[in-house]
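Notes follow once the structure below has been shown.
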Amino acid sequence: MEGNMYCKNCKRELKENDQTCANCGVKVGEGNKFCQICSEEIKENAIFCASCGKPVDVNYTEKIDLSKDNYSRNEKKIYCRNCANEMTQDAAVCIKCGFKKGNGNNYCSSCGGKTNENADVCINCGAGLNNKKIYSLNGSGSKSKLIAVLLCIFLGTLGIHRFYVGDNTKGFVILALTLGGVLTCGITAIISCIWVIVDLILIILDEITDENGFPLEW
1 MEGNMYCKNC KRELKENDQT CANCGVKVGE GNKFCQICSE EIKENAIFCA
51 SCGKPVDVNY TEKIDLSKDN YSRNEKKIYC RNCANEMTQD AAVCIKCGFK
101 KGNGNNYCSS CGGKTNENAD VCINCGAGLN NKKIYSLNGS GSKSKLIAVL
151 LCIFLGTLGI HRFYVGDNTK GFVILALTLG GVLTCGITAI ISCIWVIVDL
201 ILIILDEITD ENGFPLEW
């Protein structure tokens with residue numbers, strides 16, 4: 001064993017041939033409270049250790065006390081990535097700035113700390129940020145770019161590709177422009193076609209995301 005290794009459940013230092021922790025009985029490599037490499041505490045939602053930078057291969061699972069006195073205190077907090085306003089779990093948009101949940105690049109959604117717009121990981125808590133590579137590491141799926149491209153090419157003038165990625169408003173606008181071509185001698189339908197061409201380019205360039213702000217995946 002190269003260097004010291006620690007139990008991820010109780011932080012006890014492990015011996016080279018240990019299969020289970022002698023202190024808590026948990027198998028080596030299992031647990032979600034401490035980093036196996038440096039023994040520092042793992043923050044909620046972290047996919048990297050904020051202390052040593054090593055990947056966390058077991059997602060943090062908080063044990064929630066559902067008793068009446070403790071439930072509200074233990075409820076998981078999330079923050080707007082644009083303005084750091086605290087949000088509820090079921091909120092679709094931030095009531096302070098209007099950004100969709102998960103959209104923005106100024107703050108971490110897990111701890112509310114300030115982040116660099118190009119950062120992949122929050123240096124305050126180790127949680128993954130809005131980056132395609134990080135979502136892959138974190139196992140979070142996103143909608144298919146291939147399907148979005150095909151829908152845009154074949155059914156784009158009906159706004160189907162926008163409905164697919166969760167942008168219903170623009171989907172209805174494109175559909176209305178297409179149907180409005182009957183009353184405008186095709187003028188709005190031409191506008192709809194131009195919009196679809198632009199959308200196709202934006203999808204390929206990763207400028208269109210799903211409803212949670214996640215990039216589309218091939």
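Our numbering applies: residue 1 is where the sequence shown begins, and numbers increase by one.
Yeah, the Cβ is synthetic: ideal placement off N, Cα and C, and Gly gets one too.
All figures in this text were calculated on a predicted structure; none of them were measured in a lab.
Residue span of the alpha helix (DSSP H) that contains residue 178, given as start and end: The residue labelled residue 178 in the question sits at position 178 within the sequence shown. Element bounds for residue 178: 168 to 180.
Beta-carbon within less than 6 Å of residue 1's beta-carbon, same chain only, minus the 5 sequence neighbours each way: which residues are those? Position 1 of the sequence shown, counted from the start, is the residue given in the question as residue 1. Confidence at residue 1 is low in this model, with a pLDDT of 40, below 50, so its placement is unreliable and the value that follows should be read with caution. If we look at residue 1 and ignore the five residues flanking it on each side, its Cβ neighbours are 16.
Delimiting residues of the alpha helix (DSSP H) encompassing residue 188: Position 188 of the sequence shown, counting from 1, holds the residue named residue 188. Element bounds for residue 188: 187 to 204.
For residue 19, count the other beta carbons within 10 Å of its own beta carbon; 16 or more makes it buried, fewer makes it exposed. Which is it? By one-based count along the sequence shown, residue 19 stands at place 19. Exposed is the call here.
Can you tell which of 129, 9, 204 and 192 has its C-alpha closest to the C-alpha of residue 102? Position 102 of the sequence shown, counted from the first residue, corresponds to residue 102. It is 129.
For residue 34, write down the residues that DSSP places opposite it in a beta bridge. Residue mapping note: residue 34 aligns to position 34 of the sequence shown, counting from 1. The partner list for residue 34 (beta bridge, DSSP) reads 41.
Check residue 60 in the structure and name its three-state DSSP category. Walking along the sequence shown from the start, residue 60 turns up at place 60. Model confidence at residue 60 stands at a pLDDT of 39, short of 50, so the residue's coordinates are unreliable; what they give is reported in the following sentence. In the structure shown, residue 60 sits in coil (DSSP, three-state: anything other than H, G, I, E or B).
Beta-carbon spacing of residue 181, residue 174 below 8 Å: In the sequence shown, counting from the first residue as 1, residue 181 sits at position 181. In the sequence shown, counting from the first residue as 1, residue 174 sits at position 174. No, the Cβ-Cβ distance between residue 181 and residue 174 is not below 8 Å.
Buried or exposed by the 16-neighbour rule on C-beta atoms within 10 Å, applied to residue 153: Position 153 of the sequence shown, counted from the start, is the residue given in the question as residue 153. Label assigned to residue 153: exposed.
Chain-order list of residues whose beta-carbon lies under 8 Å from that of residue 72 (same chain, five-residue window excluded): Residue numbering aside, residue 72 sits at position 72 when the sequence shown is read from its first letter. Here residue 72 scores only 48 on pLDDT, less than 50, and its place in the model is too uncertain to base an answer on.
Report buried or exposed for residue 194, applying the criterion of at least 16 other Cβ atoms within 10 angstroms of its Cβ. Counting from 1 along the sequence shown, the entry for residue 194 is found at position 194. Residue 194 comes out exposed.
How is the alpha helix (DSSP H) around residue 8 delimited, first residue to last? By one-based count along the sequence shown, residue 8 stands at place 8. Where residue 8 is concerned, there is no enclosing alpha helix (DSSP H), given that its DSSP letter is neither H nor E.
Could you have a look at residue 13 and say whether DSSP puts it in helix, strand or coil? Along the sequence shown, read from residue 1 onward, the residue named residue 13 stands at position 13. DSSP places residue 13 in strand when its eight states are reduced to three.
With a cut-off of 8 Å on the beta carbons, I'd call residue 143 and residue 203 a contact; round off their distance for me. As a first step, residue 143 is located in the sequence shown; it is residue number 143 there, counting from the start. As a first step, residue 203 is located in the sequence shown; it is residue number 203 there, counting from the start. Actually they do not touch by this definition, with Cβ atoms about 11 Å apart.
Residue 164 lies in the alpha helix (DSSP H); which residues open and close that run? Here residue 164 corresponds to residue number 164 of the sequence shown, with the count starting at 1. If you look at residue 164, you'll find it in the alpha helix (DSSP H) that goes 160 to 164.
CB-CB length for residue 50 against residue 125, believed under 8 Å: Taking the first residue of the sequence shown as position 1, residue 50 is located at position 50. Taking the first residue of the sequence shown as position 1, residue 125 is located at position 125. The Cβ separation is near 6 Å, so the contact holds.
Local Cβ density within 10 Å of residue 199, reported as buried at 16 or more and exposed below that: Counting from 1 along the sequence shown, the entry for residue 199 is found at position 199. Classification for residue 199: buried.
Between which residues of its own chain and residue 122 is the CB-CB distance below 7 Å, once the five residues before and five after are set aside? For this step, residue 122 is matched to residue 122 along the sequence shown. If we look at residue 122 and ignore the five residues flanking it on each side, its Cβ neighbours are 108, 110, 111, 113, 115 and 129.
Going by DSSP, what residue range makes up the alpha helix (DSSP H) through residue 154? Taking the sequence shown and counting its residues from 1, the one referred to as residue 154 is at position 154. Per DSSP, residue 154 is one residue of the alpha helix (DSSP H) stretching across 145 to 155.
Local Cβ density within 10 Å of residue 214, reported as buried at 16 or more and exposed below that: On the sequence shown, residue 214 is found 214 positions in, with the first residue counted as 1. Residue 214 comes out buried.
Distance CB(residue 8)-CB(residue 34) smaller than 8 Å: Position 8 of the sequence shown holds residue 8. Position 34 of the sequence shown holds residue 34. Yes.
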